[in-house]
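For reference, the structure discussed in these notes is given below.
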Amino acid sequence: NMIYLKAMIKETLLLPPPIPLLVPRESVKDENLLGYHIATVTQVIINSWTIGRDALPWENPEEHRSERFLNSTIDVKGLNFEFIPFGAGRMGCSGTAFAVVINELALARLVHKFNYVLQEGLKLEDLDMTEGSGITIRKK
Ligand code: HEM
């Protein structure tokens with residue numbers, strides 16, 4: 224079932240999401256959303272990066288903690304708006320199921336076949352996890 228591995232993959236999609244601003248979209252009609260008026264032809268950019276760091280839905284959002292997903296029903300399918308690495312709704316990522324399975328399979332094979340250790344003399348704190356910037360996020 225690889226419950227922990229699945230939780231860990233979710234955590235890596237939360238902190239940070241690979242596509243931090245999703246894909247820019249445009250409203251097709253006037254809309255009121257939570258008191259905000261969004262006029263027709265407004266470019267809408269969803270900041271999934273910030274959503275993942277919101278302390279309201281997420282406890283200790285800056286901490287990498289896969290355990291937060293262990294006893295949780297929160298999934299990437301676009302039904303939990305606090306966690307939308309693949310977007311949501313009809314314009315959401317059509318490759319979600321494929322991407323999730325491939326990630327699980329690839330990572331499961333790597334951790335099954337190899338033992339990982341830090342280079343001699345290195346400590347966990349020495350790993351530089353600083354994010355670069357761009358349309359997709361990777362390590363700097
Ligand atoms: C971890 C991997 C992936 C991530 C994080 C990701 C994320 C996203 C995001 C955020 C969007 C925009 C959603 C929105 O605007 O609401 C998107 C769109 C899309 N993705 Fe992915 N994606 C991934 C993998 C894939 C794969 C493997 C495929 C195809 C096999 C795929 C196909 C698409 C397509 C076709 C769209 C455009 C959907 C549309 O505009 O109707 N994605 N993806």
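Heads up: the sequence shown begins at 224 in the numbering used here, then just goes up one per residue. Cβ atoms here follow ideal geometry from the backbone N, Cα and C, with glycine treated the same way.
8 Å Cβ cutoff met for residue i and residue j
| i | j | result |
| --- | --- | --- |
| I261 | S250 | yes |
| I226 | E327 | no |
| R288 | E234 | yes |
| T263 | K252 | yes |
| G301 | G318 | no |
| A230 | E290 | yes |
| K362 | G355 | yes |
Counterpart residues of residue i in DSSP-defined beta bridges
| i | result |
| --- | --- |
| I261 | E254 |
| Q266 | E249 |
| K362 | E354 |
Exposed unless 16 or more other CB atoms sit within 10 angstroms - verdict on residue i
| i | result |
| --- | --- |
| P240 | buried |
| V299 | buried |
| L237 | buried |
| F321 | exposed |
| V267 | exposed |
| V340 | exposed |
| V323 | buried |
| F292 | buried |
| I274 | buried |
- Task: Count the C-beta pairs between the segment 233-246 and the segment 302-314 that are closer than 8 Å, then say yes if the count reaches three, no if not.
- Result: yes
- Hey, which unbroken runs of the alpha helix (DSSP H) at 4 residues or more fall wholly within the segment 294-351? 319-336
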